[in-house]
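**Student:** One structure, as C-alpha cells, below. Some questions next.
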Amino acid sequence: MYNFDFCNPTRILFGEGSVDKMAKYIPAEAKVLVVYDSIIEQIGILDKVLAKVPNQVIKFDKIQSNPKFEILMEAVEMVREQGLDFILAVGGGSTMDGAKFISIASHNKAFIGNEAEILHITPMDDDRITESIPVGTVVTLPATGSEMNPHAVISHGEDKLGISSPFVYPKFSVLDPTYTYSLPRGQVANGIADSFIHTAEQYVTYPAEGRFQDRTAEGIMRTLIEVSEKTLNDPTDYDARANLMWCSTMALNGLIGSGVPQDFATHMIGHEVTSLFNIPHAPSLVMIMPALWRVRKEQKAAKLVQFAERVWDITEGSDDEKIDLAIQKTEDFFRSLGLKTRFSDYGYQFSDVEPVLTLLEKHDMTALTETKDVDLVWSKKILESAL
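The sequence shown begins at 52 in the numbering used here and counts up one residue at a time.
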C-alpha cells in the first residue's frame, strides 16, 4: 500500500427527515443562494427543503445537465452583487458541481475577470485558490459522489473540464432516500452505472496490497448489483434506495482510492464522447470501461481475475476465461439497467473515433490509466473496441 494523506471534512446527514437537521449547519446570519434545476421545484422537493432554511434566500434555477460556464457566471454575479455568503445545492451531480464552481469563482481575486482559468486547475493544492463560499448539498440523484468530494466537471464550449480543490468540499450533505422516489427510471440506472464505474476505476488496476480498499470496493460493487433490480422496479423501496445512495457517496469520497493506484481513463475518454456526441455521462462510460478492459487485459490481468472471482463469483476456468466472462457479465449488468454498451447502438462508426482523439490530444489526455502509458494509439484501440 502506498503512503497517503486522507481528509474528508464533509458532514453527512443521512436518512428520511434528515433535512430537519440542516439549518444548524447554515450560519444564522448567512444570505443563501439556492441553486437547483426547474424539475426539483416542479416535483415539490424544493419547497420541502426551503421550509427548513430560516435564512434570507435567493434562488437560481438555471442549472442544467453538464453545467455551463456562461450560465454559472450569472450566479457568480448574483453572489457578488447581493453579498451572498452561503450556497445550498439541491439536486444531483450537475447542480452540486455548479455550486462548487460558483463557490470559488465568486471571490478569489486571482481569477476575477478571468474565471474560465479556474477550469484549468487540476492540482488540489493550487495556491491561487485562497477562499470559497461554503456549500451545502441536498442530494436528489445518487450518482456522482459530488456531495462528499472536492471535484466538479464544468462545460465550457465543446469542452468538459474538471476542477479539484479542497476549498469545495461541501460543509454538509443531506442524503434522504425518499427524495429519490420520483426519479425517472433512466436516471436511476445511470446513477447505478456511474457509481459502479467510479468504484471499478479505483479497483481494476494492479495489486498494491490495499486489502481494506479492495474489500470495500468489492462490497460497493456487489451491493449495487444486488439492489439494482429492486431499486429500479420498486422506486419506493426505502432500503434499496438507501443502499444505492450510500454506495454512490462512498464510491468517490476518497476512501477506497487512498493508498492504491487509480485509473480514470474511462472518465477522461467519456467526457470527450459526451461533449462531442451529446451522449449522457454514464451511458458514455458503460461503453468505454469494458472496452478498456478488453484492450488492456494483459496489463490489468491480476485485478481482473480478482474482480471476476470476488465480484462475479467466477471460480472455474483459466484466468483468461475468468476475465472474459467477468467483462461479459459487467456488460450484461449494464444492459440489464437498460443502457447501451456499444457506440454502434447509437449509430456511430469508425469515422467517429478520430474527433474523440482530437479532443483527447487538445486536453493533454495522452498518458492515461494507472500506468500513464495509454496514448492516443491505445485510446483509438479502446474506442474501436467499444464500437
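Cβ atoms here follow ideal geometry from the backbone N, Cα and C, with glycine treated the same way.
#1: Just to confirm, is the Cβ distance from LEU411 to ILE320 under 9 Å?
#2: Suppose contacts are defined by Cβ-Cβ distances below 9 Å. Is ILE205 in contact with PHE263 by that definition?
#3: Per DSSP, what kind of secondary structure is ALA140 in: helix, strand or coil?
#4: Take VAL189 and list the residues in its own chain whose beta-carbon comes closer than 6 Å to its own, dropping the five residues that flank it on each side.
#5: Here's a check: name, in chain order, each residue in its chain whose Cβ is nearer than 8 Å to the Cβ of TYR257, leaving out the five neighbours to either side.
#6: Nearest to PHE384 by CA position, among ILE114, THR267, GLY66 and MET272, is which residue?
#7: When you compare each of LEU434, PRO334 and TYR53 to GLN400 by their alpha carbons, which one comes out closest?
#8: Work out the CA separation of LYS103 and LEU64 for me, nearest whole Å.
#9: Measuring CA to CA, which of LYS160, TYR232, ILE374 and SER154 is closest to ILE96?
#10: Could you pull out every residue in the same chain whose Cβ sits closer than 7 Å to the Cβ of LYS348, ignoring the five residues on either side in sequence?
#11: Just reading off the beta strand (DSSP E) that ILE205 is part of, what are its end residues?
#12: Across the region 113-130 and the region 152-159, are there enough close Cβ pairs to call them in contact, namely three or more that are closer than 8 Å?
#13: For the beta strand (DSSP E) containing LYS110, list its first residue and its last residue.
#14: Does the ligand SAM have even one heavy atom less than 8 Å from the beta-carbon of THR229?
#15: Applying the 10 Å Cβ sphere with the 16-neighbour rule, what's the burial state of LYS160?
#16: Output the distance between the C-alpha atoms of GLN253 and ASN304, rounded to the nearest integer angstrom.
**Tutor:** In this structure, then:
#1: A Cβ-Cβ contact shorter than 9 Å links LEU411 with ILE320.
#2: no
#3: In the structure shown, ALA140 sits in a strand (DSSP, three-state: E or B).
#4: VAL100, VAL141 and VAL225
#5: PRO312, GLN350, LYS351, ALA353, LYS354, GLU421 and THR422
#6: Out of ILE114, THR267, GLY66 and MET272, MET272 has the C-alpha closest to the C-alpha of PHE384.
#7: LEU434
#8: 14 Å
#9: TYR232
#10: Cβ within range, chain order: LEU355 and ILE374.
#11: 202-207
#12: yes
#13: 107-111
#14: Questions concerning the ligand SAM fall outside what the structure shown contains, since it holds no ligand whatsoever.
#15: Result: exposed.
#16: 11 Å
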